[in-house]
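Chemist: Chains as they are written, first to last, in the numbering used here: chain E, 2 to 222; chain D, 2 to 222; chain L, 13 to 249; chain V, 13 to 249.
We put the beta carbon where it would ideally sit given N, CA and C, even for glycine.
1. In the structure shown, what three-state DSSP assignment does residue 195 of chain D receive?
2. Give me the DSSP bridge partner(s) of residue 246 of chain V.
3. Going along the chain, which residues of its own chain have a beta-carbon closer than 7 Å to the beta-carbon of residue 195 of chain E, five neighbours each way excluded?
4. Quick one: grab the DSSP three-state call for residue 45 of chain D.
5. From what residue to what residue does the alpha helix (DSSP H) around residue 217 of chain L run?
6. Please state if the CB of residue 74 of chain V and the CB of residue 53 of chain V are separated by a distance shorter than 7 Å.
7. Starting from residue 163 of chain L, trace the beta strand (DSSP E) both ways and give me its first and last residue.
8. In three-state terms, what does DSSP make of residue 26 of chain L?
9. Using the C-alpha atoms, what's the distance from residue 179 of chain E back to residue 208 of chain E?
10. For residue 101 of chain D, count neighbouring C-beta atoms within 10 Å of its own C-beta (all shown protein chains included) and say buried if the count is 16 or more, exposed if not.
11. Using a beta-carbon distance below 7 Å, is residue 130 of chain L in contact with chain V?
12. Might you give, ordered along the chain, the residues of its own chain that have their beta carbon closer than 7 Å to the beta carbon of residue 232 of chain V, omitting 5 neighbours on each side?
13. Threshold first: 4 residues or longer. Then list the alpha helix (DSSP H) segments lying entirely within the segment 57-127 of chain V, N to C.
14. For the beta strand (DSSP E) containing residue 150 of chain D, list its first residue and its last residue.
15. In terms of alpha-carbon separation, which member of V:59, V:34, V:138 lies closest to residue 107 of chain V?
16. With 16 as the cutoff for other CB atoms within 10 Å, does residue 116 of chain E come out buried or exposed?
17. State yes or no: is the beta carbon of residue 51 of chain E nearer than 7 Å to at least one beta carbon in chain L?
18. Buried or exposed for residue 57 of chain L, please, with buried defined as at least 16 other CB atoms from any protein chain shown within 10 angstroms of its CB.
19. Could you work out which residues of chain E lie near residue 120 of chain V, taking near to mean beta carbons separated by less than 7 Å?
20. Could you give the first and the last residue of the continuous beta strand (DSSP E) run that contains residue 230 of chain V?
21. Using a Cβ cut-off of 7 Å (strictly closer), state whether residue 201 of chain V contacts chain D.
22. Could you name the residues of chain D that residue 73 of chain L contacts, counting a contact when the two beta carbons are closer than 8 Å?
23. Please confirm whether residue 103 of chain V and residue 135 of chain V have their CB atoms less than 7 Å apart.
24. Along the chain, where does the beta strand (DSSP E) containing residue 110 of chain E start, and where does it finish?
25. Taking 6 Å as the limit between beta carbons, can you name the residues of its chain near residue 197 of chain V, skipping five residues before and five after?
26. Between residue 89 of chain E and residue 177 of chain L, how many whole angstroms is the CB-CB distance? I'm expecting something under 8 Å.
27. Can you tell which of L:184, L:95, L:46 has its C-alpha closest to the C-alpha of residue 86 of chain D?
28. What residues match up with residue 142 of chain E in a beta bridge as DSSP calls it?
29. Tell me which residues of the segment 169-182 of chain V have at least one Cβ-Cβ distance to chain D shorter than 7 Å, keeping chain order.
30. Within its chain, find whatever has a CB closer than 8 Å to the CB of residue 213 of chain V; leave out the 5 residues flanking it on each side and keep chain order.
31. Answer with yes or no whether the minimum CB distance from residue 75 of chain D to chain L is below 7 Å.
32. Is any beta-carbon of chain V found at less than 7 Å from that of residue 45 of chain D?
33. State the CB to CB distance for the pair residue 13 of chain L and residue 51 of chain E, rounded to an integer number of angstroms; the pair is presumed to be in contact (CB under 8 Å).
34. List the residues of chain V whose Cβ lies closer than 7 Å to the Cβ of residue 173 of chain E, in chain order.
35. Determine, using beta carbons only, whether residue 40 of chain V and residue 81 of chain E come nearer to each other than 7 Å.
36. Beta carbon of residue 96 of chain D, beta carbon of residue 92 of chain L: below 7 Å?
In structure tokens, the structure reads:
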């Protein structure tokens, strides 16, 4: 009994999602951006705010992409893309970099997700597929140490499966670690009471959101 | 039944003791010198050998005392004396400094002693006196981490008590940590078989040494 | 715009509350943030637990803070030096607590506090009175003792140069505990002799990245403890 | 005179024995000591356990070492990247072992190995499959997992500048695992693009003090892995 609107509503673009995330990052924050969609967030910091980007491979004060002739294979981010360093940046080794992460010095980490549970459990490193090469990187350290964990993800998989679930079926990255979720359909906050919807995309109501979501949702708009 | 000679024999001077210690430090060694008599060792490195001095307050490549007008209150050694830095030196913080110590990177540490036992136990930080202010500094880290622990000390206290004992009566700095002992009377090595005398000062024989020593000695000269 | 530079030393330390745990940098006088400590005396916070390698000398800096009875407990490795009278006297009278920690263990406990490591094993102090009552464990046939992280409410640190982001450079052996202490406090307050423009410091040379620093105070000509002691100074003057 | 500079890259790696554990610096290609790895391939040591963040790309460097079946086991955090084919293929066939470690835990385990800390507690990986079967413990109501130090027989590290004492400077984000790996091996072998005279490096700027380095090889113009891959190179050429 799927309505037409449910099929056609696509909600926010990834750029709009990134803009929503950026709007909620406070001035002066130290921020670590995961690989992929999270990287877009850097492009939408509101005027007048200064945000410092950390990349776990050893740079605080990561700047924008370089022009092609400025590309330096020894100046890259955690996604192994070419980056730059702002005036006021610093380089350091991996143990010091994860002191920043594990020690609770980073304010916000924006990550992608395979699944997020209504309790804030995150699965973003493995589908548990036997044939896949497991690779975790710094995700488990980030979710364990960073003050606020923000997930940015499509609300559903390409085949329409819910990614916001009651319990993650994929191997966890961390348990009860996610604070806020930004999808193409809604912004949700993980609270002790449950998953609270703070904002919905144009054309999205709670009924549609519930149909696209496995987790129980509380309307907090 | 104390003979005259026993009273008058003083053996090596502290300078000679320091020279003996220096002669046994290999070329290219990384060396940490304790406060006091151990500091003299730096003055007797044989020609042609290069030894790098570490001071646990954050300098590798400590050089000799500065002239008075070069004194810098922010360039000191662990004994809080003014020092210099050689070309090729480096400064680092305390956790990195004790990575060198605890991690087994320092080759030789020369320390003073209140007591050393025949098994190599060392007591050099407290007499256990209730009224004394206990102070340990880096001694316990040094004996736990440095490859070779050398003690340089008078063979007896000012009142004639033995300092080379069967069991330390003072609180330990570390258990079975000392490798070699240099006193005014003899050079001794701690071995699984016991305390082996390698060399005696002029005018010192095993009989005199035994009378001045509580520990059991093996003649290995 | 991020600007961590405080208007005054008094403003910077005004956040320190009674009962706080405070890390204070320095090895002897080298790296001791004497102006911050004097401002803390003026500010008046008491019942402090202070973590510092020594207990100060003469009647200035940390020794003066202790003399003013603001310190309930010292955590340090070497509480006596040639010119330290204040701590020894109070300690003998039983009027100040002491937790004696081997120097390397002290540095590592602070670093762990900053790095989100709650506890670690070390061989230092095994078989000595300082390990008594602590949990022991063998790894590869060798004995180790479990030591816990130190985290603090505040850190007072001296450095040579800072910028508005809080990036720091130190001077020679005055670096000592500064970098690890910056990481282990909720609020790190730094005194810097020089203020640099962002980008003036080579990012390869930064010792403490700004993320570990909350407030910077510009103290252009910091006093030398040994000079004050030679002049028989006593704080407050 | 202390002089840690080796006559050739082949002499430097000739000490590496079959069955050794080898730390290899780098995060992707940044900091990967490609000339040392190629010399190790020529040298022929096999049955190696390699600790490195990734598993190499294309058919050069670490990927080539693995392709030559010299590596029994990889300890790493991220064994696949866009250009990595060699490891995934062997792994799927069950012909190479993998110990997957969170990146921060990997860095800290290596640092601990260098610092004489046999084990520590970390919150990373708790409640995930990577913590299964490991010892857990609560501190202040939060769960942590016990992780053990990694020590190695050898470390192969790339840096920018070295002197005869083994003091090292790195280049930008190519620093990554280099400094901690230098501390955790019995024998650390470094390739440096520049050789400096002692004293040319400011002692305030030295990143790796010489005590952590045993051999330095001068490789004036190190190859870039990505360039070799773009050229479809395969080692040995």
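Modeler: This is what the structure holds:
1. For the purposes of this step, residue 195 of chain D is taken as the residue at position 194 of the second chain. If DSSP states are grouped into helix, strand and coil, residue 195 of chain D belongs with the strands.
2. Looking up residue 246 of chain V in the fourth chain gives position 234. Its beta-bridge partners are V:71.
3. Here the question's residue 195 of chain E lines up with position 194 in the first chain. Contacts found: 119, 217, 219.
4. Locating residue 45 of chain D in the second chain gives position 44, counting from the first residue. In the structure shown, residue 45 of chain D adopts helical secondary structure according to DSSP, grouped into three states.
5. Working through the third chain from its first residue, we reach residue 217 of chain L at position 205. Here residue 217 of chain L belongs to no alpha helix (DSSP H), and DSSP marks it neither H nor E.
6. Taking the fourth chain and counting its residues from 1, one reaches residue 53 of chain V at position 41. Taking the fourth chain and counting its residues from 1, one reaches residue 74 of chain V at position 62. No. Outside cutoff.
7. Here residue 163 of chain L refers to the residue found at position 151 of the third chain. No beta strand (DSSP E) holds residue 163 of chain L; DSSP gives it neither H nor E.
8. Translated into positions along the third chain, residue 26 of chain L becomes position 14. The answer is coil: DSSP assigns residue 26 of chain L none of H, G, I, E or B.
9. Position 207 of the first chain holds residue 208 of chain E. Position 178 of the first chain holds residue 179 of chain E. Each residue's Cα considered, the two are about 24 Å apart.
10. As a first step, residue 101 of chain D is located in the second chain; it is residue number 100 there, counting from the start. When all chains shown are included, residue 101 of chain D counts as buried.
11. For the purposes of this step, residue 130 of chain L is identified with residue 118 of the third chain, where counting begins at 1. Yes, residue 130 of chain L counts as interfacial toward chain V.
12. Numbered from its first residue, the fourth chain carries residue 232 of chain V at position 220. The residues are 205.
13. 73-79, 98-104, 115-127
14. Within the second chain, the letter at position 149 stands for residue 150 of chain D. That run of the beta strand (DSSP E) goes 149-153.
15. For the purposes of this step, residue 107 of chain V is identified with residue 95 of the fourth chain, where counting begins at 1. The shortest Cα separation from residue 107 of chain V among V:59, V:34, V:138 belongs to V:59.
16. To locate residue 116 of chain E, count along the first chain from 1; it is residue 115. With 16 or more other Cβ atoms within 10 Å, it is buried.
17. Along the first chain, one-based indexing puts residue 51 of chain E at 50. At least one chain L Cβ lies under 7 Å of residue 51 of chain E.
18. Mapped onto the third chain, residue 57 of chain L falls at position 45. Buried is the label assigned to residue 57 of chain L, since at least 16 other Cβ atoms lie within 10 Å of its Cβ.
19. Residue mapping note: residue 120 of chain V aligns to position 108 of the fourth chain, counting from 1. Neighbours of residue 120 of chain V on chain E, chain order: 96, 99.
20. On the fourth chain, residue 230 of chain V is found 218 positions in, with the first residue counted as 1. From DSSP, the beta strand (DSSP E) with residue 230 of chain V extends over 227-230.
21. Walking along the fourth chain from the start, residue 201 of chain V turns up at place 189. Under the Cβ distance rule, residue 201 of chain V does not count among the residues neighbouring chain D, no pair being separated by less than 7 Å.
22. Taking the third chain and counting its residues from 1, one reaches residue 73 of chain L at position 61. In chain order: nothing, as chain D lies at least about 13 Å away.
23. Within the fourth chain, the letter at position 91 stands for residue 103 of chain V. Within the fourth chain, the letter at position 123 stands for residue 135 of chain V. For residue 103 of chain V and residue 135 of chain V, no; Cβs fall outside 7 Å.
24. Along the first chain, one-based indexing puts residue 110 of chain E at 109. Residues 109-112.
25. The residue given as residue 197 of chain V occupies position 185 in the fourth chain. Result list for residue 197 of chain V: 35, 164, 166, 167, in chain order.
26. On the first chain, residue 89 of chain E is found 88 positions in, with the first residue counted as 1. On the third chain, residue 177 of chain L is found 165 positions in, with the first residue counted as 1. Between residue 177 of chain L and residue 89 of chain E the Cβ distance is about 5 Å, and since that is below 8 Å, they are a contact.
27. Sequence index remark: in the second chain, residue 86 of chain D carries index 85 (1-based). Comparing C-alpha distances from residue 86 of chain D to each of L:184, L:95, L:46 shows the shortest one belongs to L:184.
28. Locating residue 142 of chain E in the first chain gives position 141, where the first residue counts as 1. According to DSSP, residue 142 of chain E bridges with nothing at all.
29. Hits within the stretch, in order: 175, 177, 179.
30. Translated into positions along the fourth chain, residue 213 of chain V becomes position 201. Cβ neighbours of residue 213 of chain V beyond the five flanking positions: 173, 175, 179, 181.
31. Residue 75 of chain D sits at position 74 when you count from the first residue of the second chain. It does; some Cβ of chain L falls within 7 Å.
32. Here residue 45 of chain D refers to the residue found at position 44 when the second chain is read from its first residue. With 7 Å as the cut-off, residue 45 of chain D does not count as an interface residue toward chain V.
33. Along the third chain, one-based indexing puts residue 13 of chain L at 1. Along the first chain, one-based indexing puts residue 51 of chain E at 50. Confirmed, about 5 Å.
34. As a position in the first chain, residue 173 of chain E is number 172, starting the count at 1. Here the neighbours are 139, 140.
35. Walking along the fourth chain from the start, residue 40 of chain V turns up at place 28. Walking along the first chain from the start, residue 81 of chain E turns up at place 80. Yes. Within cutoff.
36. By 1-based counting over the second chain, the position of residue 96 of chain D is 95. By 1-based counting over the third chain, the position of residue 92 of chain L is 80. For residue 96 of chain D and residue 92 of chain L, no; Cβs fall outside 7 Å.
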